[in-house]
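Peer 1: Have a look at this one before I ask anything.
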């Protein structure tokens, strides 16, 4: 998956139709950010990167960039 | 005085709209001022329902709802044509009377697919912010058989039970989006599905069934009226509940 692909998936999860999402966006500031959206992120990462992260792993993330680093920058095309 | 049961300016998607409860619910909703979007497989019967609707911005789509990936284009199309969705009635469903020894997994998959999964699939799609208006109401037509057992009905009962359990969890998950989710549990009503079932029984068995309903066998209107209530603002404080409409059957 590309970085753009990840951003598209995140936009889908947080239902951000016309709102911009960049690597610098802090996910925890988003309106739809809650424990359920964290589960959606975990499922999306498992499906697209084959990596099983836990809610605990995601506690530390802030920006989209920090999520990318958690997944591993070499996982992206 | 404002009529709290009015469905004026509400856009309602209805599956199973070609017959039975779904058909009457569509007609009744249109009579209360709603714009209805009918979905069913049989185009001929869909058109029949469509022609009986009170005037409004109505649409119909001939579609097998177990082809899950085909639903989003329909919803998108409907939203573009009539506006954001205010309500959803899942009335599509099949009966299944088979003893356990012939209930292969494929039969379970069949009844769960049409009775349950297609309902949750549509609910998932409609619940996206881009498709809903300010207040939304989902109504799943379950059955009193969700709470009662009967030999030969493992597939059917479990499918109807799945609907009410899912609805309850969904109600909590979607409350923050102002989406209410409720189930209606009808007893036996006169419909194409029940007539087909009754015709397989002896006269004595038929009499027995009628006698078990203190108020007799019901009509599709009895259930359609319950749909109106749950879709309207009159039920704005009602979510996650099961509305039993059964002529007293389950109380006996």
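Chains as they are written, first to last, in our numbering: chain A, 5 to 81; chain B, 1097 to 1348. C-beta: ideal position from N, C-alpha, C; glycine also. The structure presented is a predicted model; accordingly, all values stated were derived computationally and were not measured.
Of all the options B:1198, B:1180 and B:1156, which has the alpha carbon lying nearest to the alpha carbon of residue 1247 of chain B?
Peer 2: Taking the second chain and counting its residues from 1, the one referred to as residue 1247 of chain B is at position 151. Closest by alpha carbon: B:1198.
Peer 1: How about residue 1113 of chain B and residue 1162 of chain B: do their beta carbons lie closer than 8 Å?
Peer 2: Position 17 of the second chain, counted from the first residue, corresponds to residue 1113 of chain B. Position 66 of the second chain, counted from the first residue, corresponds to residue 1162 of chain B. Their beta carbons are not under 8 Å apart, which means residue 1113 of chain B does not touch residue 1162 of chain B by this criterion.
Peer 1: Going by beta carbon distance, what residues of the same chain come within less than 8 Å of residue 1204 of chain B, once the five residues before and after it are set aside?
Peer 2: The residue labelled residue 1204 of chain B in the question sits at position 108 within the second chain. Result list for residue 1204 of chain B: 1251 and 1254, in chain order.
Peer 1: What residues of chain B sit near residue 21 of chain A, judged by a beta carbon separation below 8 Å?
Peer 2: Along the first chain, one-based indexing puts residue 21 of chain A at 17. Those within 8 Å of residue 21 of chain A in chain B are 1225 and 1226.
Peer 1: Hey, residue 1221 of chain B and residue 1168 of chain B: beta-carbon distance below 8 Å or not?
Peer 2: As a working mapping, residue 1221 of chain B is identified with position 125 in the second chain. As a working mapping, residue 1168 of chain B is identified with position 72 in the second chain. Yes; because the gap between Cβ atoms is below 8 Å, this pair is in contact.
Peer 1: Thinking C-alpha only, which one of A:31, A:47 and A:54 is nearest residue 64 of chain A?
Peer 2: Residue mapping note: residue 64 of chain A aligns to position 60 of the first chain, counting from 1. Selected option, being the one with the closest Cα: A:31.
Peer 1: Taking one C-beta from the segment 1103-1112 of chain B and one from the segment 1123-1134 of chain B each time, how about it: are there three or more such pairs within less than 8 Å?
Peer 2: yes
Peer 1: Taking C-beta to C-beta, are residue 1228 of chain B and residue 1170 of chain B nearer than 8 Å?
Peer 2: Sequence index remark: in the second chain, residue 1228 of chain B carries index 132 (1-based). Sequence index remark: in the second chain, residue 1170 of chain B carries index 74 (1-based). No. Outside cutoff.
Peer 1: Please list, in chain order, all residues of the same chain as residue 1311 of chain B whose beta carbon is under 6 Å from its beta carbon, the five residues on each side excluded.
Peer 2: Here residue 1311 of chain B is taken as the residue at index 215 of the second chain, counted from 1. Excluding residues within five positions, the ones whose Cβ falls inside 6 Å are 1343 and 1344.
Peer 1: I need the straight-line Cα distance from residue 1178 of chain B to residue 1296 of chain B, nearest angstrom please.
Peer 2: As a first step, residue 1178 of chain B must be located in the second chain, where it is residue number 82. As a first step, residue 1296 of chain B must be located in the second chain, where it is residue number 200. When rounded, the distance between both Cα atoms is 42 Å.
Peer 1: I'd like the span of the alpha helix (DSSP H) that includes residue 56 of chain A, first residue to last.
Peer 2: Within the first chain, numbered from 1, the residue matching residue 56 of chain A stands at position 52. That residue, residue 56 of chain A, is in no alpha helix (DSSP H); it is neither H nor E in DSSP.
Peer 1: Assuming the contact rule is C-beta atoms closer than 8 Å, residue 1193 of chain B and residue 1276 of chain B should be a hit. Round their C-beta distance to whole Å, please.
Peer 2: What you label residue 1193 of chain B is simply residue 97 of the second chain in a count that begins at 1. What you label residue 1276 of chain B is simply residue 180 of the second chain in a count that begins at 1. Their Cβ separation, rounded to whole angstroms, is 33 Å, which puts residue 1193 of chain B and residue 1276 of chain B out of contact at 8 Å.
Peer 1: As a quick exercise: from B:1317, B:1151, B:1318 and B:1285, pick the residue whose alpha carbon is nearest that of residue 1302 of chain B.
Peer 2: Here residue 1302 of chain B is taken as the residue at index 206 of the second chain, counted from 1. Here the closest residue by C-alpha is B:1285.
Peer 1: Between which two residues does the beta strand (DSSP E) containing residue 1169 of chain B stretch?
Peer 2: For this step, residue 1169 of chain B is matched to residue 73 along the second chain. Element bounds for residue 1169 of chain B: not the beta strand (DSSP E) but the alpha helix (DSSP H), 1167-1178.
Peer 1: According to DSSP, is residue 1231 of chain B part of a helix, a strand, or is it coil?
Peer 2: By 1-based counting over the second chain, the position of residue 1231 of chain B is 135. In the structure shown, residue 1231 of chain B sits in a strand (DSSP, three-state: E or B).
Peer 1: Indicate whether residue 1235 of chain B and residue 1281 of chain B have their beta-carbon atoms separated by less than 8 Å.
Peer 2: Indexing the second chain from 1 puts residue 1235 of chain B at position 139. Indexing the second chain from 1 puts residue 1281 of chain B at position 185. Not closer than 8 Å, so no.
Peer 1: DSSP has residue 1186 of chain B in a bridge; who is on the other side?
Peer 2: Along the second chain, read from residue 1 onward, the residue named residue 1186 of chain B stands at position 90. Partner(s): B:1111 and B:1236.
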